[in-house]
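In my numbering, the protein residues as written are 1 to 168. Yeah, the Cβ is synthetic: ideal placement off N, Cα and C, and Gly gets one too. Only a predicted model underlies this, so the values are computations on that prediction, with no experimental measurement involved. Beneath this line is the structure, given in structure tokens, with notes to follow.
Below, the structure is given as structure tokens:
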């Protein structure tokens, strides 16, 4: 299996885990010293060091953000593309809430592999998507207090989380 196929397998497992919460499925794709970084500046930036810290963050974000909406649709813009030990994926994600326009998120995932497993994943968000998130939150954030708080408090801004952190 080449790295693009490995990344596609990870994506399938992540989507399944999003629904059923079995994080062991995703964990097998990550190195122990996996680093996950997300740059959504000016809203937030964070870097989780260690696979377990990244999994804790993903669980928390899904509960505090994604699952507060009525629905979510993740759509790759094209098939992932590889370059050496790196794989890129451009994507769009729609979050739906009854009675309001969808929140449209958009960005690129950049995955670095080592010995067939992901060693680093960096989420880079499109500047227009960040502006859309801020406008959506100002207009509709009161419908989902946890989601509004997520953006208004710049959750995770500039934080590093290691293997033993509790992410609050």
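- [ ] Would you kindly check if the distance between the Cβ of residue 125 and the Cβ of residue 101 is under 9 Å?
- [x] For this step, residue 101 is matched to residue 101 along the chain shown. For this step, residue 125 is matched to residue 125 along the chain shown. No, the pair does not count as a contact, with Cβ atoms beyond the cut-off.
Task: residue 93 versus 85, 73 and 82, residue with shortest Cα-Cα distance - done: By one-based count along the chain shown, residue 93 stands at place 93. It is 73.
- [ ] Indicate whether at least one CB of chain C lies closer than 9 Å to the CB of residue 131.
- [x] You won't find chain C in this structure, because it holds only one protein chain.
Task: Counted within 10 angstroms of its Cβ, other Cβ atoms place residue 32 as buried (16 or more) or exposed - done: Within the chain shown, numbered from 1, the residue matching residue 32 stands at position 32. Flag for residue 32 reads exposed.
TODO: Taking residue 81 as the reference, give the member of 110, 130, 95 and 47 with the closest Cα.
DONE: Numbered from its first residue, the chain shown carries residue 81 at position 81. Of 110, 130, 95 and 47, the residue nearest in Cα terms is 110.
TODO: Let me know if residue 118 comes out buried or exposed under the rule of 16 or more other beta-carbons within 10 Å of its beta-carbon.
DONE: Start at 1 with the first residue of the chain shown, and residue 118 comes out as number 118. So residue 118 counts as buried.
TODO: Mind reading off the beta-carbon distance from residue 75 to residue 3? Whole number of angstroms is fine, and I expect it under 8 Å.
DONE: The residue labelled residue 75 in the question sits at position 75 within the chain shown. The residue labelled residue 3 in the question sits at position 3 within the chain shown. The Cβ separation is near 21 Å, so there is no contact.
Open item on the list: What does the Cβ neighbour count give for residue 6, buried or exposed, with the cut at 16 atoms within 10 Å?
Closed with: On the chain shown, position 6 is the one that residue 6 refers to. Label assigned to residue 6: buried.
Task: Cutoff 6 Å; reference residue 48; Cβ partners in own chain excluding five residues on either side - done: Here residue 48 is taken as the residue at index 48 of the chain shown, counted from 1. Answer for residue 48: 36, 54, 57 and 161, listed in chain order.
Task: Rounded distance between the beta-carbons of residue 95 and residue 105, thought under 8 Å - done: Within the chain shown, residue 105 is the residue found at index 105, counting from 1. Within the chain shown, residue 95 is the residue found at index 95, counting from 1. 7 Å between Cβ atoms; contact.
Task: Where the alpha helix (DSSP H) containing residue 13 begins and where it ends - done: Position 13 of the chain shown, counted from the start, is the residue given in the question as residue 13. Residue 13 -> alpha helix (DSSP H) spans 3 to 20.
Task: For residue 69 and residue 52, the rounded distance between their alpha carbons - done: Working through the chain shown from its first residue, we reach residue 52 at position 52. Working through the chain shown from its first residue, we reach residue 69 at position 69. The straight-line gap from Cα to Cα measures roughly 26 Å.
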